[in-house]
Structures are given as structure tokens and as C-alpha cells.
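175 is the number of the first residue of the sequence shown in our numbering; add one for each residue after it.
Ideal Cβ positions, reconstructed from N, Cα and C, are used throughout, including at glycine.
This report concerns only the one structure given below.
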Amino acid sequence: MNTKEYKELLAYEFLWSKENSTLKKMSLTLNNGSLLASEKLKEEMFFDDAELYEIDNALKERAKAFSVLFKNDERFPKGLLNVKYPLGMFYYKGNLDLLKNVCVSVVGSRHVSPKGKIRTEKLIKELHSNTTIVSGLAKGVDTAALTTAISLGKKVIGVIGTPIDHYYPKENKELQDEIATNHLLISQVPLYKYDKQSFVTKKLYFPERNVVMAAISDATIIVEASETSGTHSQAKACFDLEKKLFILNSCFENHEITWPTKYLEKGAVRVRAITDIKILKD
């Protein structure tokens, strides 16, 4: 990270540090992502040197371990500027070139059933070898999708709902490090603010993480999910962004849930065989 990028990072972290800041407020502050954070600070002239100093001290060593990408970089994925509340930046470790590939999110329940895990593994094996798998590093479907893809020599992108240098769940530390080193790891979660938040408010970053996954993927495939699963945040984002959404047939056969039929009516595709999954790069 060069000096200019680090100063921009501090500007974002400073704006995030304001009391009651949220993704929505941040996006609106930055004119729906059209401004860089440093431009907004200069415009409003409210830079607090004391707080900036504190943020700088908290981040200067941590920032050596990751990189940041801003909207004015040609490598920045256009999909992230089309979401409802765009930020125009993210933190990352790894190979940004993976974003140029055909990317498919494979998502679902943290409490995946034994059959759901098998379906996830089979799905990953049957997807084209050049497909980059995107998932969220949660327990269940996410972990099964990522570990299977890596074992088959496929490339993956992990998108997390914690700061880029945090591990959640802890048991996925080795997996996260593997992705950061040999694949691509992405987060939009601010470091300084996160460390000062309560656990309850930290949970809000996870559905926002799902929106990021939808935005950087050409399509999303849901393996299985309850009526209250965070996966629904990603499904909604797919519809908002006009991204393809595929749902495994087993979800429709589960009479305890109603969401598959609702999504089918909105344009989702029911997957009975791998040939039902048709993904074309625009």
C-alpha cells in the first residue's frame, strides 16, 4: 500500500468512526460512492487531527498486511458501484485478477444438512473448471464450497463479514489464510470502528457481505437455506442487480420453506441438473 492509498484508507476509516455511522450513511455521505472519502473530508472541512492520529496509530502496522482498492482504479469491479449503497472501496489480500474470471457464488445455510454438504461438493465438481467460486467463509455451505474448489485446483474468492485481518469462525483460519495467499480475500468492513462496536452491531456486516458477493459474481447458486437465512440478502441483491440466481431442486422439495417458489416467480432458475446452470460473461 503506497502513501496515497494509506491516506485514503485513513479518510474512510475516519468517516466510518463517526457515531452511528452505517453503510447507508457512509454511502450517502460519499454521494452514493461517487466521491472518495478524502474528497468529502476536504469538502466539509471537519477533519479532527486528534482522532486521525488515534486511527493512524491503530492502523499503521495492521495496514502493512493487506491492500485497498478504490473506485478510481480501473480494476475496481463495476458491480460494486451498482449496489444500493456503494462505498467505492474494499480491503483485500491476494490476486485481483480473479475478479476478471467468470465468478459464481455458491451459498447457503451455516447449519448445512449432510445431504446439503454432498450436494455442495457435487455442484463444485460439476461446474466448469474455469469457474471461480465465490463464498463467504461461514460454516456449512460456504466452507464446503471453498474447500472442495481448492482441493480440485479451482480458484476461489472469499468475502468476509469481518475486517480483513480478523478470522470468523476461528476454525476457518487456515482456510482464510490459504485464500488470502493463493486466491483472493475481500472485505468492506472498517477496522477501527469494528474494534469499538458491540457484538450485536457487528452482525450487521454479514448481510452486507452477501451483497458484495452478489455484486462481484456473474451468478449465485443457493444450495439450501432456511426462511431466515442470511442467504436471502444475497438473493435480493441478485434481483436488484439483475444477476442470475439459481436454486437447487432440493430446496423446492423441502415443504418447510416457501422462499424457493417466491424466487422462482421473480425469475430465479430451478436447477434439476447441472445443464440448467447457464452462465455467460457479459
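Would you kindly report the start and end of the unbroken beta strand (DSSP E) that includes residue i?
i: Thr306; result: Thr306 to Ser309
i: Val445; result: Val443 to Val445
Where DSSP assigns a beta bridge to residue i, which residues make up the other side?
i: Tyr266; result: Ser241 and Ile360
i: Thr394; result: Ser279 and Leu419
i: Gly332; result: Ser309 and Leu359
Evaluate residue i with the Cβ neighbour count: other Cβ atoms within 10 Å of its Cβ, from every protein chain shown; 16 or more gives buried, anything less gives exposed.
i: Asp392; result: buried
i: Glu484; result: Here the chain covers residues 175 to 456 and nothing more, so residue 484 does not appear.
i: Lys291; result: buried
i: Gly207; result: buried
i: Glu398; result: buried
i: Val374; result: exposed
i: Leu311; result: buried
i: Tyr379; result: buried
i: Asp447; result: The sequence given here has Ala at residue 447, not Asp. Its Cβ having fewer than 16 others within 10 Å, Ala447 is exposed.
i: Arg236; result: exposed
i: Tyr227; result: exposed
i: Lys234; result: exposed
i: Lys267; result: buried
i: Lys370; result: exposed
i: Gly335; result: buried
i: Leu202; result: exposed
i: Ser403; result: buried
i: Ala388; result: buried
i: Ala185; result: buried
i: His285; result: exposed
i: Gly253; result: buried
Using only CA atoms, which one of the options lies nearest to residue i?
i: Val445; options: Ile360, Met175 and Ile395; result: Ile395
i: Leu273; options: Leu243, Glu352 and Lys181; result: Leu243
i: Ile360; options: Lys410, His302, Val386 and Gly327; result: Val386
i: Ser303; options: Tyr259, Phe380 and Cys277; result: Cys277
i: Gly441; options: Ser287, Asn428 and Cys412; result: Cys412
i: Thr306; options: Val280, Asn205, Gly314 and Glu295; result: Val280
i: Lys199; options: Pro260, Tyr180 and Ala232; result: Pro260
i: Ala232; options: Val443, Tyr180 and Lys289; result: Tyr180
i: Val330; options: Gln350, Thr196 and Gly262; result: Gln350
i: Lys436; options: Ala409, Leu326 and Lys214; result: Ala409
i: Ala239; options: Lys252, Ser325, Ala354 and Asn246; result: Ala354
i: Lys289; options: Ala318, Met175 and Ala185; result: Ala318
i: Gly282; options: Leu320, Lys252 and Asn256; result: Leu320
i: Asn423; options: Leu197, Asn346, Glu348 and Thr294; result: Thr294
i: Trp190; options: Asn205, Thr177, Ala211 and Asn176; result: Ala211
i: Tyr342; options: Tyr366, Leu326 and Lys313; result: Lys313
i: Leu204; options: Lys214, Leu419 and Ser195; result: Lys214
i: Asn269; options: Glu439, Gly332, Phe420 and Asn384; result: Gly332
So the alpha helix (DSSP H) residue i belongs to, where does it begin and stop?
i: Ala480; result: The question about residue 480 has no answer, for the chain in this structure spans 175 to 456.
i: Ile229; result: Asp223 to Leu233
i: Pro434; result: Trp433 to Lys440
i: Lys289; result: Pro288 to Glu300
i: Ile324; result: Val315 to Ser325
i: Lys258; result: Counting along the chain, Lys258 falls outside any alpha helix (DSSP H), and DSSP gives it neither H nor E.
i: Met200; result: Leu197 to Thr203
i: Asp271; result: From DSSP, Asp271 is part of no alpha helix (DSSP H); its letter is neither H nor E.
i: Leu365; result: Leu365 to Lys370
i: Phe188; result: Thr177 to Trp190
i: Thr449; result: Here Thr449 belongs to no alpha helix (DSSP H), and DSSP marks it neither H nor E.
i: Lys376; result: Phe373 to Lys376
Return yes when the C-beta of residue i is under 7 Å from any heavy atom of the ligand SAM, and no when it is not.
i: Glu430; result: In the structure on display, the ligand SAM does not appear, and there are no ligands present to speak of.
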